[in-house]
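Q: Residue numbers for the sequence shown follow the numbering used here, so the first one is 3 and each next one is one higher. Virtual Cβ for every residue (Gly too), placed ideally from N, Cα, C. What follows is a structure written as structure tokens; I'll ask about it next.
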Amino acid sequence: MSTALQRSVVLENGFARNFPELSIPWTAEEPPAPELLVLNERLARELGLDPEYLRSAEGISVLTGAHPPEGATPVAQGYAGHQFGSYSPRLGDGRALLLGELRDAEGNLRDLHLKGSGRTPFSRGGDGFGAVGPMLREYILSESLHALGIPTTLSLAVTATGHDVLRESRLPGAVLTRVASSHLRVGSFQYARALGDPDLLHRLAEVAMARHHPEAADAERPHLALFDAVVADQAALIAQWMLVGFVHGVMNSDNMTISGETIDYGPCAFIDAFDPAAVFSSIDGQGRYAYRNQPVMAEWNLARLAEAMLPLFDDDEDQAVELAMESLRTFRTRYSEAWSAGMFEKLGLPPATGVEREDQPAHDVVHATTELLTTSGADYTLFFRALAGVARGDREPARALFTDPAPFDAWAETWLALGPDATGMDLINPAYIPRNHLVEEALDAATDGDLGPLNRLLEAVSAPYEVRPGLERLAVGAPTDSGPYVTFCGT
Ligand code: AMP
Ligand code: MG
């Protein structure tokens, strides 16, 4: 990196200045005994910040918001959202603050944000805090998705506060320092629309465009082009989640970004045994956000975004609806194409482009793969990781994943007949994912003061494709006695 790493943090306050309607200036609670649990040195450098500085007492006070950096106007952001299908007109940052925007080493504007920094005017009944476990869960999962090449907000640090939070029991509290290309959500547009101020909605779209889709400004209808770009980004994002077996868990419209980054890791998890109906959230009894429902739920949220943005598309409401629908209808095709292309890659088949999109035998194998996984409930990640071996003639490790190997053998014949190329498969099918039992083990140990398992897990998931000695335990499936896995929301 050419520029020297900074021993101070300088922030801009563009959001706070430009959107007083969506911002409440607020101060983070000062942690009584802050202790840095984990710092993302790679990300710190990317941001142009000196990791040693961030580890200092002054650095930690910036990371927790106790002493806002130069230029900062920390704000709680206002947003609305559909939660499990019902509309909440006023959600907002109930336990979070936007510290400000930072120019990274490449000149891009990134949000620096706190989660678990205390009550705000949006807290309703909540205490405004986060516990060590859930804050570290977001750190682990966001690092994993990032390493898998999936757009996501990033975690810069988790700092224990020295202050207990009351959940089912007393737990050590922590603040997560989060970095995002912005914190604009579908819910931000819903909130702006509900305020009934056309100028605000317009300004919000302009900022979203400038930060995420500057190319939309040249379109005939820039705000429609912005919406269309969000539809495209979300279709691609959800396809990537599905391809790695990630279940977000709370796809409420306030948890869907305009940037196309994954945000707000709550009761999220990777599937072990393949199960289209997999749900990991204790509060999702209906399975609204089950693994297989994620594309439909994303499309549903985008319809809410379209409703919020309608006045920006055309003065004539019927025309605006027509334009929005036309764009929204592309979601399914975009999603299916991205997912199929990803599956081809996972299976070592050449990309289906142009005429080859008609490549029926390959599409049939993709379909048969889903069926094989659904009926057998084989471990999703281990299955794909073992396939490169099968392509090279070593069938046993894959076979061993099936109680009854006969359907697998039949499937393998059809697949092998397509001549899969093993070379790229190990670069797309991860060996290490943050499996539930490993995450749980790491969080429990960290809550008890032992950061060893957390650091090993982070080491594994941050380079997920490269098998390394010493990490064997982290590359095997869930113990068979682990039972149904459930995480708890709002913790
Ligand atoms: P989430 O589903 O975690 O994104 O949160 C949904 C809403 O609940 C947001 O408005 C959060 O700010 C708020 N919230 C979640 N946990 C707390 C908490 N412990 N204290 C106050 N507000 C919270
Ligand atoms: Mg949220």
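Is D95 near ligand 1, in the sense that its beta carbon is under 6 Å from a heavy atom of that ligand?
A: As a working note, residue 95 is residue 93 in the sequence shown. Flag set: Cβ of D95 near ligand 1.
Q: As an exercise, report each continuous alpha helix (DSSP H) stretch of at least 4 residues that is fully enclosed by the region 303–352, in chain order.
A: Whole alpha helix (DSSP H) segments, 4+ residues: 319–330, 332–348.
Q: Flag N303 as yes when its Cβ comes closer than 6 Å to any non-hydrogen atom of ligand 1, and as no otherwise.
A: Here residue 303 refers to the residue found at position 301 of the sequence shown. No; taking the cut-off as 6 Å, the Cβ of N303 has no heavy atom of ligand 1 nearer than that.
Q: For H165, which of I152, D129, D199 has the nearest alpha-carbon?
A: Mapped onto the sequence shown, residue 165 falls at position 163. Among I152, D129, D199, the Cα nearest to that of H165 belongs to D129.
Q: Keeping to the same chain, check which residues put their C-beta closer than 8 Å to that of L14; ignore five residues upstream and five downstream.
A: Along the sequence shown, read from residue 1 onward, the residue named residue 14 stands at position 12. Contrary to the premise, residue 14 reads as Glu rather than Leu in this sequence. Closer than 8 Å at the Cβ level, and outside the excluded window around E14, lie G73, G102, E103, L104, R105, L111.
Q: Less than 7 Å separating the beta-carbons of L325 and L206?
A: Looking up residue 325 in the sequence shown gives position 323. Looking up residue 206 in the sequence shown gives position 204. In this structure, L206 does not lie closer than 7 Å to L325 by Cβ.
Q: Do R306 and V188 have their C-beta atoms closer together than 7 Å?
A: Indexing the sequence shown from 1 puts residue 306 at position 304. Indexing the sequence shown from 1 puts residue 188 at position 186. The answer is yes: Cβ separation under 7 Å.
Q: Is E31 helix, strand or coil when you go by DSSP?
A: Within the sequence shown, residue 31 is the residue found at index 29, counting from 1. Looking at E31 - three-state DSSP - the assignment turns out to be coil, as it is neither helix nor strand.
Q: Just to confirm the assignment: which complete alpha helix (DSSP H) runs, minimum length 4, are found wholly within the region 355–395?
A: Counting whole runs of 4 or more residues, the region 355–395 contains the alpha helix (DSSP H) stretches 362–378, 382–393.
Q: Threshold first: 4 residues or longer. Then list the alpha helix (DSSP H) segments lying entirely within the region 399–461, N to C.
A: Segments of the alpha helix (DSSP H) lying fully in the region 399–461: 407–418, 438–449.
Q: State the Cα-Cα distance for the pair E347 and T122, rounded to the nearest angstrom.
A: The count along the sequence shown starts at 1 and reaches residue 347 at position 345. The count along the sequence shown starts at 1 and reaches residue 122 at position 120. When rounded, the distance between both Cα atoms is 46 Å.
Q: Output the boundary residues of the alpha helix (DSSP H) element that contains S146.
A: The residue you call residue 146 lines up with position 144 of the sequence shown. From DSSP, the alpha helix (DSSP H) with S146 extends over 134–149.
Q: Are there any heavy atoms of ligand 2 lying less than 6 Å away from the beta-carbon of N457, as far as the coordinates show?
A: Taking the sequence shown and counting its residues from 1, one reaches residue 457 at position 455. Result no, Cβ not under 6 Å from ligand 2.
Q: Just the residues with CB closer than 6 Å to a heavy atom of ligand 2, in chain order, which are they?
A: Result: D256, N257, D266.
Q: Going by DSSP, what residue range makes up the alpha helix (DSSP H) through D230?
A: Taking the sequence shown and counting its residues from 1, the one referred to as residue 230 is at position 228. First-last of the alpha helix (DSSP H) with D230: 224–246.
Q: Quick check: A30 and S119, are their CB atoms within less than 7 Å of each other?
A: Your numbering for residue 30 matches position 28 in the sequence shown. Your numbering for residue 119 matches position 117 in the sequence shown. In contact: A30 and S119 (Cβ atoms closer than 7 Å).
Q: Counting pairs of Cβ atoms below 8 Å between the region 240–257 and the region 332–348, do you hit three or more?
A: At 8 Å Cβ cutoff, the stretches touch.
Q: Output needed for V441: all residues of its chain with C-beta closer than 8 Å, excluding positions within five of it in sequence on either side, in chain order.
A: Position 439 of the sequence shown, counting from 1, holds the residue named residue 441. Excluding sequence neighbours, V441 sits near R139, I142, L143, A271, L459.
Q: My output table needs one value for D52: the three-state DSSP class, helix, strand or coil.
A: Indexing the sequence shown from 1 puts residue 52 at position 50. Correct three-state label for D52: coil.
Q: Starting from the Cα of W417, find the closest Cα among P481, P174, R397, T405 and give me that residue.
A: Sequence index remark: in the sequence shown, residue 417 carries index 415 (1-based). Closest option to W417, Cα to Cα, is R397.
Q: What is the DSSP secondary structure of I495, counted as helix, strand or coil?
A: Examination of residue 495 is not possible in this model, given that the chain is present from 3 through 493 alone.
Q: Flag this pair as yes or no: are the beta carbons of P409 and L374 separated by less than 7 Å?
A: Here the question's residue 409 lines up with position 407 in the sequence shown. Here the question's residue 374 lines up with position 372 in the sequence shown. In this structure, L374 lies closer than 7 Å to P409 by Cβ.
Q: Do S381 and ligand 1 come close, with the Cβ less than 6 Å from some heavy atom?
A: By 1-based counting over the sequence shown, the position of residue 381 is 379. The question names Ser, but residue 381 in the sequence shown is Asp. False, no ligand heavy atom lies under 6 Å from that Cβ.
Q: Kindly confirm or deny that the region 39–51 and the region 449–466 touch, where touching means at least three C-beta pairs closer than 8 Å.
A: Output reads yes: the region 449–466 touches the region 39–51.
Q: In the DSSP assignment, the beta strand (DSSP E) including G175 goes from what residue to what residue?
A: On the sequence shown, residue 175 is found 173 positions in, with the first residue counted as 1. Note, G175: beta strand (DSSP E), 172–182.
Q: Taking a contact to mean a Cβ-Cβ separation below 7 Å, would you say M253 touches M311 in this structure?
A: For the purposes of this step, residue 253 is identified with residue 251 of the sequence shown, where counting begins at 1. For the purposes of this step, residue 311 is identified with residue 309 of the sequence shown, where counting begins at 1. No, these two residues do not count as a Cβ contact at 7 Å.
Q: Closer than 6 Å to a non-hydrogen atom of ligand 1 - does that hold for the CB of V488?
A: Taking the first residue of the sequence shown as 1, we reach residue 488 at position 486. V488: no, Cβ never under 6 Å from ligand 1.
Q: Take the Cβ of H369 as the centre, count every other Cβ of all protein chains shown within 10 Å, and call the residue buried at 16 or more, exposed below.
A: In the sequence shown, the residue the question calls residue 369 occupies position 367. H369 should be labelled exposed.
Q: Any idea what DSSP makes of G492, helix, strand or coil?
A: Your numbering for residue 492 matches position 490 in the sequence shown. Per-residue confidence for G492 stands at a pLDDT of 40, beneath the threshold of 50, marking its modelled position as unreliable; the derived number appears in the next sentence. G492 falls in the coil class under three-state DSSP.
Q: Identify every residue that forms a DSSP beta bridge with Q85.
A: Mapped onto the sequence shown, residue 85 falls at position 83. Its beta-bridge partners are S88.
Q: H115 bridges to which residues according to DSSP?
A: As a position in the sequence shown, residue 115 is number 113, starting the count at 1. Its beta-bridge partners are L100, R180.
Q: Distance check for P363 and D381, CA to CA, integer angstroms please.
A: To locate residue 381, count along the sequence shown from 1; it is residue 379. To locate residue 363, count along the sequence shown from 1; it is residue 361. Using only the alpha carbons, I get a separation of about 24 Å.
Q: Please return the same chain residues whose Cβ sits closer than 7 Å to the Cβ of G496, not counting the five positions on each side in sequence.
A: Because the chain is modelled from 3 through 493, residue 496 falls outside the range shown and cannot be assessed.
Q: Among the residues of its own chain, which have a CB less than 7 Å from the CB of S90, if the five just before and after it don't count?
A: Numbered from 1 along the sequence shown, position 88 holds the residue referred to as residue 90. For S90, where only same-chain residues beyond five positions count, the Cβ hits under 7 Å are A82, G83.
Q: Taking all protein chains shown into account, decide if Q296 is buried (16 or more other Cβ within 10 angstroms of its Cβ) or exposed.
A: In the sequence shown, counting from the first residue as 1, residue 296 sits at position 294. The residue in question, Q296, is buried, as its Cβ has 16 or more Cβ neighbours within 10 Å.
Q: Starting from the Cα of P352, find the closest Cα among H204, G421, E23, Q236 and give me that residue.
A: Looking up residue 352 in the sequence shown gives position 350. The candidate whose alpha carbon is nearest that of P352 is G421.
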